[in-house]
Structures are given as C-alpha cells and as structure tokens.
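Taking it in order: structure first as structure tokens, then the write-up.
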Ligand SMILES: Cc1ncc(COP(=O)(O)O)c(C=O)c1O
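Residue numbers (the numbering used here): 10 to 413.
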C-alpha cells in the first residue's frame, strides 16, 4: 500500500500561487479525450505547425557537431549578436550583445525581469484581459499586481487616460503586450506614443514590453515600445521563438534591456537555471537568419482562420468581439449569457461555468476569462485546423442556442 500523503508546509508565495489556467484546461480536455469524448480543444497557446526545416536542421546539426555543452550564461555571443541584428533590422533598435539575456522561453525572461526590478510593496500595472502569468509572476517577485480593465469598447487596449489614472508613486512596472494574448489586440503606433507620453511624467516606472507575437500580425504595424523617444532606457523588450517560428518545445526567449537590468537578470539566471539549451540556441540563430517564407505562410493560415471564425461568431446573437489584428486568439464578450440556464437546469453565472458547460456537454475546450482578469469574456485559440474550427463553431453555436 502506498504511504498516505503527508501535508507539507510550503513556501507562502508558492502556496498562494494560482496554477496556469490554460494548462489546466488543456489537461482536462486531454483527460476527456482519453475517456473517449471527441473533444475539440481551442485552448492551445501554441501554433499547430511544426518548426520550419532550416531551424530543425540547425538543431540536428548542433547535436551532430557536439555543440552539446553549457554555453555562456546569457546565451552564446553568436545568438545574442543575431538578436541585436534582428532588433536593428526590424525595430530600429541599437543594442549591444551584453544587453541581451537569452532564457528558457520568454516566460523565463519575464520572470527574471520582474524579479530583477520589483521589491515588496511595488505595484505592477497589468492591463486586462492579460496573459495568465503576469500577475502571478509579479506576486511571486513580492510586488502587487494592479489589474487595469479594458473591454470591447476599448478594443481591449489600454488608453493613456486609464494608464495615467492607474499610475501611483508605488508603480514600478507597466506590462504591455502587443499583439496580445489573449485578445489579439495590436496597439497602433500613435496609441503607443500616447502611452509613452504619459510615462514620461513618471521617471522610475519601467515598461516590460512583451512582443512575442510580433510576427503574427494582420494588416497592422508592429512598433517596439522601446523605439519611442526616451523609452529605450526604461523598457525591457521581451521576445522569443515559440510563436513566430513554431518553436514552443525548444524553450528559447530573450530580453533586451538597459544594462543594469540585463546584468541583474543574468545573475538570477546564473544561479537558477544557467543558459538555455545549446541546441536550441543554434536553432535560434538559424531562425533569425532564415528566409521568412514559412513564417509568412503560417501567418496567412492564421489570418484565413481568424476571418472564418469571426464571420461565424458574428452570426451568434449575444457575442461581441473586436477584430483581432494579431496573435491567434479571439476574445468574445459572453456576458450576455450570464444568468441563463442550461438544458440540465444549471445557471451560467460566469465564463467559467460557460466554458465548463461547453466542454462537458458540447466537447469544445475554451479558456474562461477569469484566467485573464476579464471574466466577461473567454479565449478562443484558432491555432487548430479549419476542420476542427468548423466542428467547434457549430458546437458552440448550438450550445449557446440551447441556453435559456
Ligand atoms: C504573451 C505571452 N508572453 C510570453 C509567453 C511565453 O512564451 P515562451 O515561454 O514559450 O517563449 C507566451 C506563451 O504563451 C505568451 O502568450
């Protein structure tokens, strides 16, 4: 007989931390599939494409060449130089390799920079709907996340007025994410310029600009926040390879930061994990140097799917959804269904109930808005085949139609 599990006193911050809701939804959907239910999961946060060949081949080559040892802690000089070249070429930003820290995914880059910057009592402004991990990371770094809500009427973008209102003398960091997970919203350059103008009045506030979906863009322009006058000195640009190059499993991301923040982040990394995988770093160099045709093909496929899904969703009464201009998510406001009843007599109180109902009764996995600090909506990821999307959409439509 296995020994009974003993309760263990855990670190308070770990005990208070919420598990990632997107990962939780994924495992529930997987479990239901294992039980034989034909679940279509639109909950994934990753491209459904494989890593392009030139990148995969560079990884294989690295193994065959014996490039399998520890590298310099912030990443190889070759990769950091390739990242500097990318930042210059795409974003007009001038960085030295010493200002780049490569990590095990952008997730780690974000965690490092928040730990490097925040102290007990500091505030981290997080516009919502927000990516699931920002508030938990801020809390874990000892800071207090301050969620600033935006809605469909704002196109899910933070306005300068809301930013100004939320800033206090305790604000240490403002997190921006464009294109956004979970809404697909993209800030136009003039709106970023207006946010930068507000921040000019607050010298000690830093901006963590998460630009991981930079290449997954439809009819919109991406501007790096650090490229606005006076912002480079106070912006930590976080980016990575997971989304644009379909490299989620390779675990490679990076930050470009003012020198003291890059140094502090590298110091933490040196004690906690060391450099990311040597093999992934070689693959990362190949990604930055390759012809972007495979990326463009992937983005074109996302765009076709976005159009298809939006067209269908817009026919459903009660759903409100702005047109996303990037990433691979839609974030419909579903609050019109709160207070309705399922055929089984259960009341839908919030988006969590709605997602649970759609999963259990109609076999579609979505992620409830509670995970993103915006409970009136839910996230639909269209990183799935057109066929799965069609199936899911008709199930969602009939599931919603059955609510009274
Ligand atoms: C907005 C955003 N930032 C960061 C990440 C982390 O990406 P990774 O750690 O795979 O580089 C993700 C992944 O879901 C994301 O959506």
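We treat Cβ as the ideally placed atom computed from N, Cα and C, and that holds for glycine.
- Residue 298 has its alpha-carbon roughly 35 angstroms from the corresponding atom of residue 137.
- Unbroken alpha helix (DSSP H) runs of no fewer than 4 residues, entirely contained in the segment 38-89, are found at 62-73, following chain order.
- A direct Cα-to-Cα measurement between residue 141 and residue 166 gives close to 17 angstroms.
- When DSSP states are grouped into helix, strand and coil, residue 278 belongs to the helix group.
- Under a 10 Å Cβ-count criterion, residue 342 is classified as buried, with 16 or more other Cβ atoms of the shown protein chains found around its own Cβ.
- With 6 angstroms as the limit, the residues whose C-beta approaches any heavy atom of ligand 1 more closely are 54, 114, 115, 116, 140, 186, 190, 219, 221, 249, 251, 257 and 262, in sequence along the chain.
- For residue 264, the enclosing beta strand (DSSP E) starts and ends at 262-265.
- The continuous alpha helix (DSSP H) containing residue 198 extends over residues 198-208.
- Here residue 178 is exposed. Its C-beta has fewer than 16 other C-beta atoms within 10 Å.
- In the structure shown, residue 306 falls within a helical segment according to DSSP collapsed to helix, strand and coil.
- Segment contact: the segment 112-122 against the segment 241-258, three or more CB-CB distances shorter than 8 angstroms; contact assigned.
- In this structure residue 287 is buried. Its beta-carbon is surrounded by 16 or more other beta-carbon atoms within 10 angstroms.
- Nearest neighbour of residue 359 by Cα position, chosen from 352, 353, 368 and 377, turns out to be 377.
- About 19 angstroms separates the CB atoms of residue 225 and residue 184; that is not less than 8 angstroms, and the two are not in contact.
- Per DSSP, reduced to three states, the secondary structure at residue 366 is helical.
- Closest by C-alpha distance to residue 362, out of 24, 347, 311 and 154, is 347.
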